[in-house]
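Asker: Input: one structure, supplied below.
There are 2 protein chains.
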Amino acid sequence: MSSNMQPQTLKGFRDFLPETMAIRTRVISTLKAVFESYGFAELQTPTLEYAEVLTGKYGEEAEKLMYLFKDSGGRAVGLKYDLTVPLARVMAQYPNLPKPFKRYQIQPAFRAENTQKSRYREFYQCDIDTVGTTSPASDAEILAVISDSLKALGFSDFTIRVNSRQILFDLIIKSGIPSNKSLTVLQSIDKLDKKSREEVQLELESKQITSLQIKDLFYYLDKAQPDAQLQEVITIAKKIGAKNVKFDPNLVRGLDYYTGAIFETVVEKPKIGSITGGGRYDQLIKTLGGPDLPAVGTTIGLDRICDVISELNLWPDLPKSPTRVIITIFSPGLLNNSLSLSQSLRTQNINVELYPNPNVKLDKQLKYASAKGIPFVAILGPEEVEKNQVTLKNMTTGDQVKISPDEIQSRIS
Amino acid sequence: MSSNMQPQTLKGFRDFLPETMAIRTRVISTLKAVFESYGFAELQTPTLEYAEVLTGKYGEEAEKLMYLFKDSGGRAVGLKYDLTVPLARVMAQYPNLPKPFKRYQIQPAFRAENTQKSRYREFYQCDIDTVGTTSPASDAEILAVISDSLKALGFSDFTIRVNSRQILFDLIIKSGIPSNKSLTVLQSIDKLDKKSREEVQLELESKQITSLQIKDLFYYLDKAQPDAQLQEVITIAKKIGAKNVKFDPNLVRGLDYYTGAIFETVVEKPKIGSITGGGRYDQLIKTLGGPDLPAVGTTIGLDRICDVISELNLWPDLPKSPTRVIITIFSPGLLNNSLSLSQSLRTQNINVELYPNPNVKLDKQLKYASAKGIPFVAILGPEEVEKNQVTLKNMTTGDQVKISPDEIQSRIS
Numbered sequence: 064m065s066s067n068m069q070p071q072t073l074k075g076f077r078d079f080l081p082e083t084m085a086i087r088t089r090v091i092s093t094l095k096a097v098f099e100s101y102g103f104a105e106l107q108t109p110t111l112e113y114a115e116v117l118t119g120k121y122g123e124e125a126e127k128l129m130y131l132f133k134d135s136g137g138r139a140v141g142l143k144y145d146l147t148v149p150l151a152r153v154m155a156q157y158p159n160l161p162k163p164f165k166r167y168q169i170q171p172a173f174r175a176e177n178t179q180k181s182r183y184r185e186f187y188q189c190d191i192d193t194v195g196t197t198s199p200a201s202d203a204e205i206l207a208v209i210s211d212s213l214k215a216l217g218f219s220d221f222t223i224r225v226n227s228r229q230i231l232f233d234l235i236i237k238s239g240i241p242s243n244k245s246l247t248v249l250q251s252i253d254k255l256d257k258k259s260r261e262e263v264q265l266e267l268e269s270k271q272i273t274s275l276q277i278k279d280l281f282y283y284l285d286k287a288q289p290d291a292q293l294q295e296v297i298t299i300a301k302k303i304g305a306k307n308v309k310f311d312p313n314l315v316r317g318l319d320y321y322t323g324a325i326f327e328t329v330v331e332k333p334k335i336g337s338i339t340g341g342g343r344y345d346q347l348i349k350t351l352g353g354p355d356l357p358a359v360g361t362t363i364g365l366d367r368i369c370d371v372i373s374e375l376n377l378w379p380d381l382p383k384s385p386t387r388v389i390i391t392i393f394s395p396g397l398l399n400n401s402l403s404l405s406q407s408l409r410t411q412n413i414n415v416e417l418y419p420n421p422n423v424k425l426d427k428q429l430k431y432a433s434a435k436g437i438p439f440v441a442i443l444g445p446e447e448v449e450k451n452q453v454t455l456k457n458m459t460t461g462d463q464v465k466i467s468p469d470e471i472q473s474r475i476s
Numbered sequence: 064m065s066s067n068m069q070p071q072t073l074k075g076f077r078d079f080l081p082e083t084m085a086i087r088t089r090v091i092s093t094l095k096a097v098f099e100s101y102g103f104a105e106l107q108t109p110t111l112e113y114a115e116v117l118t119g120k121y122g123e124e125a126e127k128l129m130y131l132f133k134d135s136g137g138r139a140v141g142l143k144y145d146l147t148v149p150l151a152r153v154m155a156q157y158p159n160l161p162k163p164f165k166r167y168q169i170q171p172a173f174r175a176e177n178t179q180k181s182r183y184r185e186f187y188q189c190d191i192d193t194v195g196t197t198s199p200a201s202d203a204e205i206l207a208v209i210s211d212s213l214k215a216l217g218f219s220d221f222t223i224r225v226n227s228r229q230i231l232f233d234l235i236i237k238s239g240i241p242s243n244k245s246l247t248v249l250q251s252i253d254k255l256d257k258k259s260r261e262e263v264q265l266e267l268e269s270k271q272i273t274s275l276q277i278k279d280l281f282y283y284l285d286k287a288q289p290d291a292q293l294q295e296v297i298t299i300a301k302k303i304g305a306k307n308v309k310f311d312p313n314l315v316r317g318l319d320y321y322t323g324a325i326f327e328t329v330v331e332k333p334k335i336g337s338i339t340g341g342g343r344y345d346q347l348i349k350t351l352g353g354p355d356l357p358a359v360g361t362t363i364g365l366d367r368i369c370d371v372i373s374e375l376n377l378w379p380d381l382p383k384s385p386t387r388v389i390i391t392i393f394s395p396g397l398l399n400n401s402l403s404l405s406q407s408l409r410t411q412n413i414n415v416e417l418y419p420n421p422n423v424k425l426d427k428q429l430k431y432a433s434a435k436g437i438p439f440v441a442i443l444g445p446e447e448v449e450k451n452q453v454t455l456k457n458m459t460t461g462d463q464v465k466i467s468p469d470e471i472q473s474r475i476s
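First to last, the sequence lines map onto chains A and B.
Each residue of the first sequence is one higher than the one before, counting from 64 in our numbering.
Each residue of the second sequence is one higher than the one before, counting from 64 in our numbering.
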């Protein structure tokens, strides 16, 4: 940085300072444990790809948001835009991967979004997908993974809405709407969540759908039931423990590439809204340049989850610091006693921080512990050393006790 | 990808497929546990920074290797080149962070290296640093972290070489060499590891160092001892458990920015060579655009460690797959039994994969388990179901037993 420049991150990019990382690490390790309990294994792909791998897949709008540039060797390259295109490349590049290939991937993706909408330009995607089978058990497993993930994170009040693209297409056809209008009609149905039927009716009329067709459409939406395939997905999902799975014929999901079941999860308490989206996409891997393999999966809104836990202070007991106890240094002459205690506690698998400077007043050392949210402070003054004791201060309650060093472990865990 | 393009990663960039990720995840979690046991907390910074933050810090050679480009808003930006410049920016951007600030950071950095030397262009850096104190206890702690890290990874045959820039400068002056030649003389001393004294002597002569000065230099190198400050670092390090710390006056470390103690670790068995490098750098944070804060730290060669563990198969017992047992499906009619068993085992905290397709022959399901390195297979055929049993096959030994479902947990752990 030149001296007249304010040191700063780029707009839409974030530093994760230790307190924030504590939440993210806990969220990610919780999710990984659930994913792995279903046999999903981790995949990571590079930050940079050939531009040709990224472009021509999701249309011009997406391409405008991509970070594309030439590297110093003149190659056209780009930053990852999502985790699905790299998955398609991986399936093509390693044809011998055993199938079904069940992977999760938690990595940053990059989009030059308008930051005024408080969107991140570098954001974490968290995707779980099964590639290479059309079995409804794989769709069901995704629902069970979502359910177990939310429960493990402490969100118990949620609904997993499920529907099927096939059901939607069928009822559009049954209403007498020409099939070339299916996608635009889907876009209108998608708005029934937020708009009244009257408003959606007006929109459909503007798309040259007749009143009779609209009336029939709403009628069939009202009495829609899961078809045999979706019913099987729901039944299996419930059998393997998925909670709050609910058929919802109004669910559309914006993306055109879904071919079968579609899912979306809404967390009602706390009012987070939609935090997962997914479904079956049997053509997409091929469309993206991969082999012709069916797939089903979901994305989980990791950044949103972390932000909500932080903003609403949902995990007040999560330690802000990895350090359980800080050993202060009373004076330069007593440094050795503090060193020995730190070493002894560490061999008992306690995370210990040693205040490094023996020339700093005890008061300032306590302030440091407090600023970092370290829950316990050990003080080794001349009196304590003489009696082979330690003063242990609980920084939450302010209580302090003189105890033998052997008692520290049981007191602080 | 256009249809005529071979799907591929960019040169110097890597996919980490699940088997590789298993090793990396274990290495990283082992290191994190050690770092946190000393009170180091995790920091993450963005992939992209303002180009101005990155450039003008490490000279032209480094800049040639940087990925610099203009984003779609016309801003000059660049991919992280290391983790030290972002640390300096963080220290400047958040002046109220409690100090000493002890952080570790494990993230990719990007350098357009010549890939013929089998260097990665996206590689993981793993840095541990203490910012804001000159206390020798902080230098010592870095040595203890290195020692504990290597032991925890299973490398017990290593030497942590330590020296001090001050000692080197002092003996150069004592040999009568003008101080403006200190850095170039250091570069020659650095080669004593690989070259003979005669060769280094010739090199020094070509730098206009006299024979007498060279003779004195070698003499003082031979009888060099740690000064008081370095001795304190070594003494404290040993007291808090650092093993195999050895004073080595020939250690120089290439980088110009070290101001005090310098460290390097060589692993002798397996013959990995140098895998950590670090030291005290009391001026660097300021030079890089941050505030005037002393610092000490080390980098650990994470990619090298992971590559060696993989190439030499040092962790043969590390599971290749997160899945402990796969539940096969004997036939469509017995799907429900397999579903129930998978759900029941998962509630016992066992990582279970369900083979998703009931129409695939058992033989192929077993091959899938074998290809993925899943250690146990559970078979639920009509006979087993009738007797409320499960056939459990150990894929390593080939043994199979008919047992009650309740016994699975104890058999596979």
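The beta carbon of each residue, even a glycine, is placed where N, CA and C say it ideally should be.
Compare the C-beta of A:Met64 against all C-beta atoms of chain B and say whether one is closer than 8 Å.
Answerer: Working through the first sequence from its first residue, we reach residue 64 of chain A at position 1. The pLDDT assigned to A:Met64 is 43, lower than 50, so where the model puts this residue is not dependable; a value taken from the coordinates is nonetheless given after this. So, interface residue.
Asker: Between which two residues does the beta strand (DSSP E) harbouring B:Ile325 extend?
Answerer: For the purposes of this step, residue 325 of chain B is taken as the residue at position 262 of the second sequence. Start and end: 324-332.
Asker: Which class does B:Glu176 belong to by DSSP, given the choice of helix, strand or coil?
Answerer: Along the second sequence, read from residue 1 onward, the residue named residue 176 of chain B stands at position 113. Residue state, collapsed to three classes: coil.
Asker: What would DSSP say about B:Pro171, mapped onto helix, strand or coil?
Answerer: The residue labelled residue 171 of chain B in the question sits at position 108 within the second sequence. Correct three-state label for B:Pro171: strand.
Asker: Can you name the residues of chain B whose CB is closer than 8 Å to the CB of A:Thr339?
Answerer: Translated into positions along the first sequence, residue 339 of chain A becomes position 276. Neighbours of A:Thr339 on chain B: none; closest Cβ ~20 Å, over 8 Å.
Asker: With a cut-off of 8 Å, do at least 3 Cβ pairs link the region 412-431 of chain A to the region 461-469 of chain A?
Answerer: Judged by Cβ distances under 8 Å, the region 412-431 of chain A makes no contact with the region 461-469 of chain A, as fewer than three pairs qualify.
Asker: Could you give the distance in angstroms between the alpha-carbon of A:Val263 and the alpha-carbon of B:Pro109?
Answerer: For the purposes of this step, residue 263 of chain A is identified with residue 200 of the first sequence, where counting begins at 1. For the purposes of this step, residue 109 of chain B is identified with residue 46 of the second sequence, where counting begins at 1. Spanning the two alpha carbons is a distance of roughly 42 Å.
Asker: Confirm, please, whether the CB-CB distance from A:Val97 to A:Ala287 is below 8 Å.
Answerer: Stepping through the first sequence from its first residue, residue 287 of chain A is reached at position 224. Stepping through the first sequence from its first residue, residue 97 of chain A is reached at position 34. No; because the gap between Cβ atoms is not below 8 Å, this pair is not in contact.
Asker: Buried or exposed: which applies to B:Thr459, given that a residue is buried once 16 or more other Cβ atoms fall within 10 Å of its Cβ?
Answerer: What you label residue 459 of chain B is simply residue 396 of the second sequence in a count that begins at 1. B:Thr459 should be labelled exposed.
Asker: Any C-beta of chain A within less than 7 Å: which residues of the region 76-93 of chain B qualify?
Answerer: The region 76-93 of chain B vs chain A, Cβ under 7 Å: Phe76, Arg77, Asp78, Phe79, Leu80, Pro81, Met84, Thr88.
Asker: Who are the neighbours of B:Asn420 on chain A, taking C-beta pairs under 9 Å?
Answerer: In the second sequence, residue 420 of chain B corresponds to position 357, counting from 1. Pro163, Thr196, Thr197, Ser198, Ala200, Ser201, listed in chain order.
Asker: Alpha carbon to alpha carbon, what distance is there between A:Gln292 and A:Ser201?
Answerer: Numbered from 1 along the first sequence, position 138 holds the residue referred to as residue 201 of chain A. Numbered from 1 along the first sequence, position 229 holds the residue referred to as residue 292 of chain A. Roughly 12 Å separates the two Cα atoms.
Asker: How should B:Met64 be labelled, buried or exposed, when 16 other C-beta atoms within 10 angstroms of its C-beta is the threshold for buried?
Answerer: As a position in the second sequence, residue 64 of chain B is number 1, starting the count at 1. For B:Met64, the pLDDT reaches just 43, beneath the cut-off of 50, and the residue's location in the model is therefore unreliable, although a value from the coordinates is still provided. Counting Cβ neighbours within 10 Å, B:Met64 comes out buried, since at least 16 surround it.
Asker: Taking the DSSP output, what are the residues bridged to B:Ala139?
Answerer: Taking the second sequence and counting its residues from 1, one reaches residue 139 of chain B at position 76. DSSP lists B:Lys133 as partners of B:Ala139.
Asker: Give me the chain A residues within the contact set of B:Val166, using Cβ-Cβ distance strictly less than 8 Å, ordered along the chain.
Answerer: For the purposes of this step, residue 166 of chain B is taken as the residue at position 103 of the second sequence. Per the sequence presented here, residue 166 of chain B reads as Arg, with Val not at that position. Simply Pro81.
Asker: Got a sec: is the Cβ-Cβ distance from A:Gly102 to anything in chain B below 8 Å?
Answerer: Looking up residue 102 of chain A in the first sequence gives position 39. Yes - at least one Cβ of chain B is within 8 Å of the one on A:Gly102.
Asker: Can you name the residues that DSSP bridges to B:Ile360?
Answerer: Translated into the one-based positions of the second sequence, residue 360 of chain B becomes position 297. Strictly speaking, residue 360 of chain B in this sequence is Gly, with Ile absent from that position. Note: B:Gly360 sits in a beta bridge opposite B:Asp192, B:Gly342.
Asker: Should A:Thr391 be flagged as near chain B, meaning a C-beta pair shorter than 8 Å?
Answerer: In the first sequence, residue 391 of chain A corresponds to position 328, counting from 1. Not an interface residue.
Asker: Work out the CA separation of A:Asp345 and B:Asp134 for me, nearest whole Å.
Answerer: Position 71 of the second sequence, counted from the first residue, corresponds to residue 134 of chain B. Position 282 of the first sequence, counted from the first residue, corresponds to residue 345 of chain A. One C-alpha to the other measures close to 34 Å.
Asker: If you draw a straight line from the alpha carbon of A:Arg511 to that of A:Glu105, how long is it in whole angstroms?
Answerer: In the structure displayed, chain A extends from 64 to 476; residue 511 of chain A sits before or after that span and is not available.
Asker: Tell me whether A:Ala441 sits in a helix, a strand or coil according to DSSP, three-state version.
Answerer: Here residue 441 of chain A corresponds to residue number 378 of the first sequence, with the count starting at 1. A:Ala441 falls in the strand class under three-state DSSP.
Asker: For a contact meaning CB atoms closer than 7 Å, what does A:Glu105 contact in chain B?
Answerer: Residue mapping note: residue 105 of chain A aligns to position 42 of the first sequence, counting from 1. Correct list: Pro81, Met84, Thr88.
Asker: DSSP three-state label for A:Ser65, please.
Answerer: For the purposes of this step, residue 65 of chain A is taken as residue 2 along the first sequence, with counting starting at 1. Because the pLDDT of A:Ser65 is 47, which lies under 50, any placement of that residue in the model is unreliable, and the question is left without a value.
Asker: For a contact meaning CB atoms closer than 8 Å, what does A:Gly406 contact in chain B?
Answerer: Taking the first sequence and counting its residues from 1, one reaches residue 406 of chain A at position 343. One detail in the question is off: residue 406 of chain A reads as Gln in this sequence, not Gly. By Cβ distance, chain B contributes Lys302, Ile303, Gly304.
Asker: To which residues does DSSP link B:Gln107 through a beta bridge?
Answerer: Start at 1 with the first residue of the second sequence, and residue 107 of chain B comes out as number 44. DSSP output for B:Gln107 lists A:Phe79 as bridge partner(s).
Asker: Just checking: is the beta-carbon of A:Leu267 within a distance shorter than 8 Å of some beta-carbon in chain B?
Answerer: Taking the first residue of the first sequence as position 1, residue 267 of chain A is located at position 204. Cβ-Cβ to chain B under 8 Å: no for A:Leu267.
Asker: Quick one, are the C-beta atoms of A:Ile338 and A:Arg316 less than 8 Å apart?
Answerer: Position 275 of the first sequence holds residue 338 of chain A. Position 253 of the first sequence holds residue 316 of chain A. Not a contact, by the Cβ cut-off of 8 Å.
Asker: Please classify B:Tyr431: is it buried, with 16 or more other beta-carbons within 10 angstroms of its beta-carbon, or exposed?
Answerer: If you number the second sequence from 1, residue 431 of chain B lands on position 368. Flag for B:Tyr431 reads buried.
Asker: Check the Cβ of A:Ser384 against every Cβ in chain B and list those closer than 8 Å, keeping chain order.
Answerer: Within the first sequence, residue 384 of chain A is the residue found at index 321, counting from 1. Here the neighbours are Gly102, Ala104.
Asker: May I ask you to verify whether the region 349-358 of chain A touches the region 366-381 of chain A, counting CB pairs closer than 8 Å and requiring at least 3?
Answerer: The region 349-358 of chain A is not in contact with the region 366-381 of chain A.
Asker: How many whole angstroms separate the CB atoms of A:Gln229 and A:Asp279, which I take to be in contact at a CB cut-off of 8 Å?
Answerer: Counted from its first residue, the first sequence places residue 229 of chain A at position 166. Counted from its first residue, the first sequence places residue 279 of chain A at position 216. Not a contact, Cβ separation roughly 18 Å.
Asker: Leaving aside the five residues before and after A:Trp378 along the sequence, list all residues of the same chain whose C-beta is less than 8 Å from its C-beta, in chain order.
Answerer: Counted from its first residue, the first sequence places residue 378 of chain A at position 315. Hits under 8 Å: Ile86, Arg89, Gly217, Ile372.
Asker: Since B:Ala175 meets chain A, which of its residues come closer than 9 Å, beta carbon to beta carbon?
Answerer: Locating residue 175 of chain B in the second sequence gives position 112, where the first residue counts as 1. Chain A residues near B:Ala175: Asp134, Ser135, Gly136.
Asker: Enumerate in chain order the residues of its own chain whose CB-to-CB distance from B:Lys334 is below 8 Å, with the five nearest sequence positions on each side excluded.
Answerer: Locating residue 334 of chain B in the second sequence gives position 271, where the first residue counts as 1. Within the same chain, B:Lys334 has no close Cβ partners at all.
Asker: A:Arg184 and A:Gly342: beta carbons closer than 8 Å?
Answerer: Here the question's residue 184 of chain A lines up with position 121 in the first sequence. Here the question's residue 342 of chain A lines up with position 279 in the first sequence. Not closer than 8 Å, so no.
Asker: Looking only at its own chain, which residues have a Cβ that is under 6 Å from the Cβ of A:Tyr187, when we skip the five neighbours before and after it?
Answerer: Counted from its first residue, the first sequence places residue 187 of chain A at position 124. Same-chain partners within the cutoff: Pro171, Leu365, Asp366.
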